[in-house]
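> The following block contains the structure, expressed as C-alpha cells.
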Amino acid sequence: MSAPAGYGKSTLLRLLSGYRPNVALLALTPSDADLAQLQARLGPHLDTAHTIVLDDVQHLSGATDALAWLSAQRRASLVRWVIGGRDIPRELRDDAQASETLHTDDLAFGQNEAQAMLAGRDAAFVAQWQARLKGWPLALALLARGAGNADYGVSDLTTRESLLGLLVESIFAQLPDGVLHAARASALPRRFDDGLLAVLLGLPIEQATALRKQNSNTARNFLEPTEPEGWFLYHDAVREFLIAQLDGPTREALIEVVIARFEAEDAPHLAVESALDAGLFDRAARLLNTHKRTILNSFGRFASYERWLLRLPEGVHAAWPMLTSNFVTELATVDVPLTRMRSWVDRAEALAADQHDPDVIAEVNRDLANAYLSQRQTERALELVRAATRLPINSHTLAARIRNTLGATLAIRFDLKAAEQAFDEAWRIAKMDQSLDGDNMRFAVRHNRANLVDNPVGDFGRASGAISTNIALFYDQPGKLDICYVGLCTTHEAIGDWDALAYDLDEIKRLALAQESASGATAQDYKLSAKWEMFYWSAVYVGREQFDAAARMIDGFCAGVHDPEGMVCGQWLRAWALRAQGRYGECIAYADAELLSDDPARGTTRRW
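So for the sequence shown, this note's numbering puts the first residue at 8; every next one is plus one.
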C-alpha cells in the first residue's frame, strides 16, 4: 500500500490488524533504518505472528543493511506480510508475490465518500473540493472540521501544501489560547507523553492531561497514539505547521526541556531528531558531538547518524568537522561499500582543510588516521597523525591521544621501536591529567602498547601485566572489561594457553550480554565482532587438536571476511592447521601459494 501522507494508510492498517489473529503491527520510524533497531523491534515477532504489518516503510529508504535483512526475513518466513508507506523501497517491491496492491487512486475519496465526509454541505461545494483536493482524505477531514465561515474559495491556493496550511490553520484557530499553546509545545518533541507536556507547559500533570485531551478531540484526525504506551505523535505535516508557529526564543527554551527528558531516558537520538525538526541545527550538532560515540558505537545507529549529517547546513559542518571525521572512523569498522566510505572520507578531508583551530585540526586528523588504519592505508594514516603531533595542541588529553594513535600506526607498520617510543610519550603526557579523561587515556595506552608492541616482541609477561592492571582498575565497567579480555585473547593465543583463551571468549560474551540486558542496547555492544570471535575459536580448536571443529570454524571465518587483514588471517589459520596436523609439505605449498602471493586486492601480504 503506497500513497502520499494523509491517504488513510495507517488507519486502514490498524483496522486490518483488528480483523486477523496473531497480528504484529509496527509503525516504523526513522530510527528503524538502523539494522540493530529494526532487528530488536521486529525480531521477536518473526516466530510468533501469523501476519506482520509494517507501516511507514519509507523510513527504510536507502538503509541498505536494514532492507537486505528485512528482505531475507520475508523470503525465509511463512508469515503473511502487509507493507504500507508513502513510498515502498525498491528492495521491498515484489509484484510477483503481492496478492493485492493499493495506490493513491485506490485510496482517494470519490464523490460519495467526500459527500459522507462533508455531511451537511451542498453538492456543489463537495464536488468543488473533491476535485480540488483530488480526493485527499486528510484534507477533506480537515475541511469537514474547519470553521463554517472560513474563506475556502480563494483562488491562489494551488498546491497541496498551501491547501493543507489553510485547512490546518482554520482548525487550530478554533482552539482556546491555552489549548493552542499546548498543541504547539507538544509538537516540538518527536513524540510526547503527558509528563513531558506538563514540564513543557510548567503545569501539574493533571492539567496537562486535560489540555492534551481537549486538543485530541479537535485534532483526532492527526494526533495518534504511538509506542511506547502513553505516548503520542502528530501527523508530520501538522507537526511541521505547529512547530512553525513557535518563535525562535520559545523553540530554543522548550527544546532544552525536550533534550533533558530524552537524555534522561537514554534516548539521545530522539533529542537529536527533535532539535533538527525544530530547525535548531547548531544545538543538534552540539548534541551529536556529545553523544556521537554512544550513538554509533553502543547503539549502532549508522543510518540515522548519516541522515542527520545530511540534514545539517554547510556552515554547521564547517563549525563541527569532528562530527563527520568521527563518523568516518566508526564507518571504517563496519562492512560498507567502498564508494560510500570513500565519499565520506573525501568529505571529512575537505572539512579538515578549512580548519584553523589546532585542537580541532588534531582531533579531525586523528579520526581520519584511525579510519585509514582500519582500511590498512598506513602511509596516509602516518602522514596525518605526524602532522597532528606538530600542532600546538592545548589539551593534554588530546595530545596523549595523538601519540597513542601514532604508536598504533607505527606498530601496524611494524616499526615497533618507534611505536614503543610513541606510547611512552603518550603515557608521559597522560600522567599529567588526573581527571577521568586521564584515567581513560592511560587505560588506552596500556592496552595498545600491550597488544601492538609487547605481544609481537614476545614480552607476554609485560603485556598480561598491563591488561591485568586495567582489569583491576576498571572491574566495575563492563564496557572496558570486554576490551581487556579482547587484549588477553591476543596474549593467550600467542603463548598457546588455549584454556585461558576459551575463558577470555566466554567472558567477553558474558559481559556483552550483561551490557545488553542492563542498557537495552543491542549486539553492537560487542567489542569483539563475530568475525574475530570465530578467529580465536579457530585458534582454540587447532591448539586443542580438534581439527574437524577447527575446519568448520575456519571455513566460516574465511567466508565472512573480505578485508585484506581478515583474508590473510584466514589463510594463516589454514596453514597453521595443516602444520599442526603434521602436513608440513601441504602447509608450505599453501603458504607459498596464498600467504606470499602479490594479490593487490589484499595489500602487502608479504608483510602480514
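A virtual CB, placed ideally from N, CA and C, is assigned to each residue, including glycine.
#1: By how many angstroms is the C-alpha of Asn333 removed from the C-alpha of Arg219?
#2: Would you identify the three-state DSSP class for Glu231, choosing helix, strand or coil?
#3: At 3 residues or longer, and completely inside the region 364-445: list those beta strand (DSSP E) runs for me, N to C.
#4: Assign Ala285 to one of three DSSP states: helix, strand, or coil.
#5: Please work out which residues of its chain come closer than 6 Å, Cβ to Cβ, to Gln122, disregarding the five sequence neighbours upstream and downstream, and give them in chain order.
#6: For Arg613, does the three-state DSSP call read helix, strand or coil?
#7: So, are the CB atoms of Tyr14 and Leu149 less than 9 Å apart?
#8: Tell me which same chain residues have a C-beta within less than 6 Å of the C-beta of Leu19, skipping the five on either side of it?
#9: Taking contact to mean 3 or more Cβ pairs, one atom from each stretch, closer than 8 Å, check whether the region 268-276 and the region 244-252 are in contact.
#10: Look at Arg581 and Cys565 and say whether their C-beta atoms are less than 9 Å apart.
#11: Would you kindly check if the distance between the Cβ of Ala40 and the Cβ of Ser311 is under 9 Å?
#12: Measuring only the C-alpha atoms, how far is Met348 from Thr412?
#13: Would you tell me roughly how many angstroms separate the C-alpha atoms of Leu208 and Ala190, rounded to the nearest one?
#14: Less than 8 Å between the CB atoms is what I'm expecting for Leu405 and Asp366, so what's the real figure, rounded?
#15: How about His57 and Arg81: are their beta carbons less than 9 Å apart?
#16: Which term fits Glu213, buried or exposed, when burial requires 16 or more other beta carbons within 10 angstroms of its beta carbon?
#17: Would you kindly work out how many angstroms separate the C-alpha atoms of Glu390 and Ile90, rounded to a whole number?
#18: Only counting runs of 4 or more residues, tell me where the alpha helix (DSSP H) segments fall wholly within the region 251-319, in order along the chain.
#19: Please list the segments of the alpha helix (DSSP H) lying wholly inside the region 484-512, counting only runs of 4 or more residues, in order along the chain.
#20: Does the beta-carbon distance from Val64 to Ile95 come in below 9 Å?
#21: For Glu98, I'd like the list of residues in its chain whose CB is within less than 6 Å of its CB, leaving aside the five on either flank, ordered along the chain.
#22: Using CA coordinates, which residue listed in Ala357, Ala360 and Val352 is at the minimum distance from Ala376?
#23: Apart from the five residues just before and just after Leu49, which ones in its own chain have a Cβ nearer than 7 Å to its Cβ?
#24: Go ahead and pull the three-state DSSP assignment for Ile90.
#25: Just checking my contact of Leu45 with Asp62 at CB under 8 Å: how many whole Å lie between their CB atoms?
#26: State the start and end residues of the unbroken alpha helix (DSSP H) segment that holds Ile478.
#27: Cutting at 8 Å between CB atoms, please list the residues of its own chain near Ala600, excluding the five before and the five after it.
#28: Bridge partners of Tyr241, per DSSP?
#29: Taking the alpha carbon of Thr340 as the reference point, which residue from Asn372, Gly307, Gly445 and Glu370 has its own alpha carbon closest?
#30: Taking Ile436 and Phe467 to be in contact with their CB atoms under 8 Å, please state how far apart those CB atoms are, rounded to whole angstroms.
#31: Between which two residues does the beta strand (DSSP E) harbouring Leu61 extend?
#32: Please classify Gly127: is it buried, with 16 or more other beta-carbons within 10 angstroms of its beta-carbon, or exposed?
#33: Per DSSP, Val568 forms a beta bridge with which residues?
#34: How is Ser350 classed by DSSP in three states: helix, strand or coil?
#35: In whole angstroms, give me the CA-to-CA distance for Asn304 and Val371.
#36: Under the assumption that Pro320 contacts Gln362 (Cβ atoms under 8 Å), give the Cβ distance between them as a whole number of angstroms.
So, from the listed chains and residues:
#1: 41 Å
#2: strand
#3: Taking only runs of at least 3 residues, no beta strand (DSSP E) segment lies wholly in the region 364-445.
#4: Judged by DSSP in its simplified three-state form, Ala285 adopts coil rather than helix or strand.
#5: Cβ neighbours of Gln122 beyond the five flanking positions: Val133.
#6: At Arg613, the pLDDT of 44 sits below 50, so the modelled position is not reliable and the matter cannot be decided from this model.
#7: no
#8: none
#9: Look at the beta carbons and you see the region 268-276 not touching the region 244-252: under three pairs across the two are nearer than 8 Å.
#10: With contacts defined as CB atoms closer than 9 Å, Arg581 and Cys565 qualify as a contacting pair.
#11: yes
#12: Those two C-alpha atoms are separated by around 21 Å.
#13: Rounded to whole angstroms, Leu208 to Ala190 spans 10 Å at the Cα level.
#14: Right, the Cβ-Cβ distance comes to about 6 Å (below 8 Å), so this counts as a contact.
#15: no
#16: exposed
#17: C-alpha separation (whole angstroms): 50 Å.
#18: 255-271, 275-284, 288-300 and 309-318
#19: For the region 484-512, whole alpha helix (DSSP H) runs of length 4 or above, ordered along the chain, are 485-502.
#20: yes
#21: Cβ neighbours of Glu98 beyond the five flanking positions: Leu74 and Ser78.
#22: Nearest C-alpha to Ala376: Val352.
#23: Closer than 7 Å at Cβ, skipping near neighbours: Leu33.
#24: In the structure shown, Ile90 sits in a strand (DSSP, three-state: E or B).
#25: Not quite, the Cβ-Cβ distance comes to about 14 Å (not below 8 Å), so this is no contact.
#26: Here the alpha helix (DSSP H) through Ile478 covers Phe467 to Leu480.
#27: none
#28: Leu230
#29: Gly307
#30: Between Ile436 and Phe467 the beta-carbon gap is near 27 Å, outside 8 Å, which marks them as no contact.
#31: Thr58 to Asp62
#32: The residue in question, Gly127, is exposed, as its Cβ has fewer than 16 Cβ neighbours within 10 Å.
#33: According to DSSP, which records beta bridges pairwise, Val568 is partnered with nothing at all.
#34: helix
#35: 18 Å
#36: Pro320 to Gln362, Cβ: 17 Å. No contact.
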